[in-house]
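Structure first, commentary second.
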Amino acid sequence: MRIRRRLPVIFAVLLVIAAVALLVFLRKHAPPEPARLLPGADGFFYVNLQWIRRADFGGKLPEVSHDAEYEQFIQATGFQFERDLDQAAFAIHYPSNPDPGKPGSDEVRYSEVLVGKFDGDRLREYLRKLSGTIESYGPTDIYTIPLEGRTVRVAILGVNTVAASNHSDPLVIRGIIDRSRKLASPFGGPALLRQYYKNVPLASLGWLIFRAAPSLNGTSHIPSAGINLSFLFSKPVVVVASMRYLGAVHLRAEAFTASADDAAHATDQLKTFLAIFNSAEISVSGRGPDPDVKQFFNSLKVEQHGDRAVLTATVPPGFIRKAVADAPNEVAPPQRKTVAPGGTPHP
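Residue numbers (my numbering): 62 to 408.
Printed below as a string of structure tokens:
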């Protein structure tokens with residue numbers, strides 16, 4: 062009789078344990094919370110700079126000098142991107158109805174959520190000075206900043222989180238604020254992200270998911286970067302690219318096409334492009350490529366898996382160290398005014 066009375070209790074405890082285990086599993090495989098706060102969009106980018114710094118696969122970074130405008134921003138807010146930014150998640154909004162007669166209608170817009178070490182009081186004071194208006198949305202202030210014919214809206218979501226958007230619709234930033242107030246759900250996030258994030262490998266330090274949209278002439282391109290991909294994709298595709306560090310940086314990019322034939326075409330075209338690019342690099346260098354560069358090109362592999370074209374590569378630490386050492390040592394935004402962490406305008 063005692064066993065019978067205990068069975069419901071034991072069963073309830075097991076159910077609770079199973080539910081907790083399921084929740085932990087879902088959280089582990091869900092997109093990072095900054096990305097889940099983003100609105101629906103045509104592309105998403107995420108990077109975990111905190112873990113990249115811990116991995117230290119680029120070695121000791123060279124000292125970076127700041128241009129005068131960026132230095133003023135640092136002095137005003139106490140925030141330094143290369144030091145204090147831990148996570149960054151971006152939503153990429155392609156133009157929905159571009160009108161040649163309407164300036165700016167064909168521009169790509171962005172929404173972003175940044176996580177880092179912010180001084181809230183100094184940041185609020187900085188945003189207050191820049192803002193044309195300040196809207197109170199519940200307990201959250203939305204700083205509206207006019208900039209170069211656009212409107213950048215910035216909101217401080219918490220002690221370590223800032224959101225911004227230069228989308229023309231003010232509801233976009235409000236949606237981010239609303240989602241930040243709710244209990245983060247592993248089932249949350251934009252539809253495109255929920256559908257394709259499962260293809261991002263575990264422990265990825267950064268990833269990119271985007272639609273290669275057809276342009277007016279029927280080719281595929283990435284509007285946000287102005288990159289024409291018509292030599293690879295003649296039809297719309299979704300690309301999932303990721304970066305992991307496993308002693309070396311492992312890159313992976315998958316193009317999800319409409320059919321196996323489309324994937325075969327993309328695979329063949331990519332193999333041809335890489336072969337030409339490799340030959341050109343050897344010809345320019347004269348004596349052959351650098352050993353690290355050669356190792357990188359030797360690691361490149363392009364395969365077809367059903368309706369997907371898959372590119373993988375391994376970047377040796379030496380390659381990254383040389384690239385960092387040769388990079389410009391001055392941070393100088395190209396003719397644009399620094400707004401704030403999360404509010405930096407995009408060209």
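We treat Cβ as the ideally placed atom computed from N, Cα and C, and that holds for glycine.
Give the secondary structure of residue i by DSSP, where H, G and I count as helix, E and B as strand, and everything else as coil.
{"i": "Leu332", "result": "Before going further, note that residue 332 is Lys rather than Leu in the sequence given. Note: Lys332 maps to helix in three-state DSSP."}
{"i": "Thr201", "result": "strand"}
{"i": "Val169", "result": "coil"}
{"i": "Tyr306", "result": "strand"}
{"i": "Phe338", "result": "helix"}
{"i": "Val261", "result": "coil"}
Among residues of its own chain, excluding the 5 on either side of residue i, which ones have a beta-carbon nearer than 6 Å to its beta-carbon?
{"i": "Thr138", "result": "Arg183, Leu184 and Tyr187"}
{"i": "Arg313", "result": "Ser303 and Thr373"}
{"i": "Val363", "result": "Thr328, Leu331, Lys332 and Leu372"}
{"i": "Gln148", "result": "Pro95, Asn109 and Val176"}
Nearest to residue i by CA position, among the options, is which residue?
{"i": "Ala152", "options": "Arg382, Phe317, Leu269 and Ala321", "result": "Leu269"}
{"i": "Ser226", "options": "Gly219, Val220 and Arg211", "result": "Arg211"}
{"i": "Ser360", "options": "Asp351, Gln148, Arg235 and Pro377", "result": "Pro377"}
{"i": "Asp10", "options": "Pro352, His326 and Tyr306", "result": "No answer is possible for residue 10: it lies beyond the span of the chain, which begins at 62 and ends at 408."}
{"i": "Gly181", "options": "Gly379, Thr222 and Ile237", "result": "Thr222"}
{"i": "Val174", "options": "Gly236, Arg115, Leu208 and Glu130", "result": "Gly236"}
{"i": "Phe294", "options": "Pro156, Asp322 and Phe358", "result": "Asp322"}
{"i": "Pro156", "options": "Pro207, Gly379, Asp103 and Arg115", "result": "Asp103"}
Could you check the C-alpha separation between residue i and residue j for me, to the nearest Å?
{"i": "Val213", "j": "Leu372", "result": "36 Å"}
{"i": "Lys243", "j": "Lys332", "result": "46 Å"}
{"i": "Ile381", "j": "Val354", "result": "10 Å"}
{"i": "Ala273", "j": "Arg170", "result": "16 Å"}
{"i": "Lys178", "j": "Asn260", "result": "30 Å"}
{"i": "Pro95", "j": "Phe271", "result": "17 Å"}
{"i": "Ala324", "j": "Val300", "result": "12 Å"}
{"i": "Arg144", "j": "Gly267", "result": "17 Å"}
{"i": "Gly219", "j": "Asp202", "result": "12 Å"}
With 16 other CB atoms within 10 Å as the buried threshold, where does residue i fall?
{"i": "His366", "result": "exposed"}
{"i": "Phe334", "result": "exposed"}
{"i": "Ser340", "result": "exposed"}
{"i": "Ala370", "result": "buried"}
{"i": "Gly193", "result": "exposed"}
For residue i, which residues from the same chain have a beta carbon less than 7 Å from its beta carbon, with the 5 sequence-adjacent residues on both sides left out?
{"i": "His228", "result": "His154, Arg170 and Ser172"}
Enumerate in chain order the residues of its own chain whose CB-to-CB distance from residue i is below 8 Å, with the five nearest sequence positions on each side excluded.
{"i": "Ile238", "result": "Tyr198, Gly199, Thr201, Ile203, Ala216, Leu218 and Ala224"}
{"i": "Arg135", "result": "A small correction: the amino acid at residue 135 is Ile; Arg does not occupy that position in the sequence shown. Counting only Cβ-Cβ distances below 8 Å, and skipping sequence neighbours, we find His127 and Gln141."}
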